[in-house]
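Residue numbers (the numbering used here): 1 to 602.
Built from N, CA and C at the ideal position, the CB exists for glycine as well.
Remember, predicted model here, so these are calculated numbers, not experimental data.
Spelled out as structure tokens, the structure:
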């Protein structure tokens, strides 16, 4: 250990942080007080602990872990006994395979590494943290053990000074939110949501309880409710983490924070609004460290993917992604930009908010308070010599006008609109005040999309659909066949649509064959522990790509209805959202109920 202490001292001398005389003084003081060299250096003010940790991290090539932003699974904490963790001032934070990462005050302590290795039978990988962080983490994780129910039962209301129905003084509340049991409880809520794949956590005060719900795969589901008397402590803890004012409870507040959990970086946006029973809090979870999805993973059929990829490599024009909130528009935009991002292109985005950081792309966050809006930002972007521009959303005439101008002057522009289908995007642009001939000239493609839940692979089973089920989804809809035939096309249905039909058509175009008679099978999930008994795990897109041809552009100029534009797009070969969903049902990816849920209007 003497050799290791000397190497630390020599490193500090090499960096010019301390002199040889100061090192000798520190070592002497350390021997006298029985302290480690690093403790003496910090205590004597020769180096700040944060600077020392940064130096150790750099010199040893070890990761620096900021424990205040790191959520640790209770199962990982249990791998190292409390006595051993406190003895060597370390915290286990991450386990991958047979390797356990431990944040340590002294990563050079080979005795500690050996002892933990023997106890856990794992390979120990040290990381660096400050002594204060380690001590706080030890109290948080070992001082408040157990499941959420056990933690709630263990809370001493008198000790915390919280009673149901009584307001808590702000100064007292500031102390309560730093209590290990409160910190652990909030951490467990976030960890449970992340483990279940939730995109949002809803913490909802009611008259006699604090309700918790998670949004998983687009659907809200109940989570364990929390005692009403913990409401102020839990909500205030979340507000402190997000940098919000815990004393202000009368107006909405928005904040954000970033945490690390199991090697993943999760960005959390926090929204608080006052309600009659207290502040309602919603946390939006975004796994920023996850890899971007490739276009082939989004749900495109091979034929549509080929068309879309050709479209995004066009030199100029507007490509619009449409759909309601939560339909995956941002994911499609990022995947598209990632596909075309090369060193010879200058790509700039303006977003609200910036959700993923894309290497090699300049990304701008709008800030209305500083007058940085989509429109103002887009004007500035045009002076930055861009090749490709992404506008998070076209919300008004001004933004739409600048986007059209950019497209007509040689730029490729990506953006989103909140419309129900691809054809509606054309009429929405015109309704905003853009001249029809400009819309016709600038819009080169519209992709409408929805997200449907995919069937859980663990409990997937096949079944034979009834005639009524086939009719519900439109596979036995005689009217639709006649509509296709009446379209003026020489073929009965576009080839891509024809493959969606079941049974044999009679002279009138109707289909009388049931699923059982034709051996048709659909799939569903029975429900299991892997999918929380829902039968679904994950989501996939159903997509509708409209690439305006000459006839569609002429209809746009003529300001016809969206129904007329959609009818022409189908004649030109567009597969609509419902038909793409039907194909995914036949492929065993999703269910009839899911497709109907996201495509039925009204």
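Where the beta strand (DSSP E) containing residue i begins and where it ends
{"i": "residue 274", "result": "264-275"}
{"i": "residue 280", "result": "278-287"}
{"i": "residue 72", "result": "No beta strand (DSSP E) holds residue 72; DSSP gives it neither H nor E."}
{"i": "residue 362", "result": "362-365"}
{"i": "residue 412", "result": "412-417"}
{"i": "residue 317", "result": "317-322"}
First and last residue of the uninterrupted alpha helix (DSSP H) at residue i
{"i": "residue 429", "result": "422-431"}
{"i": "residue 41", "result": "37-43"}
{"i": "residue 308", "result": "302-312"}
{"i": "residue 551", "result": "550-557"}
{"i": "residue 330", "result": "329-340"}
{"i": "residue 255", "result": "Segment 253-261 is the beta strand (DSSP E) holding residue 255; no alpha helix (DSSP H) there."}
{"i": "residue 399", "result": "397-408"}
{"i": "residue 33", "result": "20-33"}
{"i": "residue 295", "result": "Looking at the DSSP string, residue 295 is not in any alpha helix (DSSP H), and its letter there is neither H nor E."}
{"i": "residue 451", "result": "No alpha helix (DSSP H) holds residue 451; the beta strand (DSSP E) holding it covers 443-455."}
{"i": "residue 460", "result": "No alpha helix (DSSP H) contains residue 460, which is instead part of the beta strand (DSSP E) from 460-463."}
{"i": "residue 86", "result": "82-88"}
{"i": "residue 377", "result": "374-381"}
Length of the line joining the Cα atoms of residue i and residue j
{"i": "residue 243", "j": "residue 257", "result": "8 Å"}
{"i": "residue 480", "j": "residue 204", "result": "Because the pLDDT at residue 480 is just 40, under 50, the model does not fix this residue reliably, and the point stays unresolved."}
{"i": "residue 575", "j": "residue 422", "result": "11 Å"}
{"i": "residue 251", "j": "residue 270", "result": "14 Å"}
{"i": "residue 458", "j": "residue 300", "result": "24 Å"}
{"i": "residue 348", "j": "residue 259", "result": "27 Å"}
{"i": "residue 522", "j": "residue 465", "result": "7 Å"}
{"i": "residue 27", "j": "residue 92", "result": "30 Å"}
{"i": "residue 599", "j": "residue 71", "result": "39 Å"}
{"i": "residue 272", "j": "residue 207", "result": "18 Å"}
{"i": "residue 502", "j": "residue 325", "result": "Because the pLDDT at residue 502 is just 41, under 50, the model does not fix this residue reliably, and the point stays unresolved."}
{"i": "residue 365", "j": "residue 354", "result": "6 Å"}
{"i": "residue 86", "j": "residue 47", "result": "24 Å"}
{"i": "residue 13", "j": "residue 36", "result": "17 Å"}
{"i": "residue 286", "j": "residue 587", "result": "30 Å"}
{"i": "residue 81", "j": "residue 136", "result": "16 Å"}
{"i": "residue 561", "j": "residue 418", "result": "17 Å"}
{"i": "residue 380", "j": "residue 369", "result": "17 Å"}
{"i": "residue 5", "j": "residue 105", "result": "Because the pLDDT at residue 5 is just 41, under 50, the model does not fix this residue reliably, and the value given afterwards should be weighed accordingly. Whole-angstrom Cα-Cα distance: 14 Å."}
{"i": "residue 528", "j": "residue 152", "result": "28 Å"}
{"i": "residue 330", "j": "residue 322", "result": "10 Å"}
{"i": "residue 237", "j": "residue 568", "result": "55 Å"}
{"i": "residue 179", "j": "residue 172", "result": "11 Å"}
{"i": "residue 592", "j": "residue 410", "result": "43 Å"}
{"i": "residue 132", "j": "residue 352", "result": "36 Å"}
{"i": "residue 508", "j": "residue 416", "result": "Unreliable placement is indicated for residue 508, whose pLDDT of 42 sits below 50; the coordinate value is still reported in the next sentence. Distance between the alpha carbons of residue 508 and residue 416: 41 Å."}
{"i": "residue 69", "j": "residue 90", "result": "16 Å"}
Beta-carbon gap between residue i and residue j smaller than 9 Å
{"i": "residue 294", "j": "residue 335", "result": "yes"}
{"i": "residue 426", "j": "residue 274", "result": "no"}
{"i": "residue 65", "j": "residue 112", "result": "no"}
{"i": "residue 430", "j": "residue 339", "result": "no"}
{"i": "residue 448", "j": "residue 555", "result": "no"}
{"i": "residue 604", "j": "residue 88", "result": "In the structure as shown, the chain starts at 1 and stops at 602, and residue 604 therefore has no counterpart that could be examined."}
{"i": "residue 202", "j": "residue 192", "result": "no"}
{"i": "residue 444", "j": "residue 400", "result": "no"}
{"i": "residue 319", "j": "residue 446", "result": "yes"}
{"i": "residue 388", "j": "residue 413", "result": "yes"}
{"i": "residue 30", "j": "residue 539", "result": "no"}
{"i": "residue 17", "j": "residue 51", "result": "yes"}
{"i": "residue 103", "j": "residue 76", "result": "no"}
{"i": "residue 209", "j": "residue 228", "result": "yes"}
{"i": "residue 524", "j": "residue 473", "result": "no"}
{"i": "residue 49", "j": "residue 42", "result": "yes"}
{"i": "residue 240", "j": "residue 177", "result": "yes"}
Check your understanding: Are the stretch 369-379 and the stretch 387-394 touching by the rule of at least three beta carbon pairs closer than 8 Å?
Key -> yes
**Study point:** Start-end ranges of the beta strand (DSSP E) lying completely within the stretch 92-149, minimum 3 residues
**Key:** 99-104, 123-128
**Study point:** contact_flag[the stretch 269-280, the stretch 310-321] where n(CB pairs < 8 Å) is 3 or more
**Key:** no
Exercise for review: Within the stretch 171-245, note down every full alpha helix (DSSP H) run reaching 4 residues or more, in order along the chain.
Suggested key: 180-195, 231-241
Exercise for review: For the stretch 180-189 and the stretch 231-239, state whether three or more C-beta atom pairs, one from each stretch, are separated by less than 8 Å.
Suggested key: yes
Exercise for review: Report the residue ranges of all alpha helix (DSSP H) runs contained in full by the stretch 531-601; include only those spanning at least 4 residues, in chain order.
Suggested key: 550-557, 562-571, 577-586, 592-599
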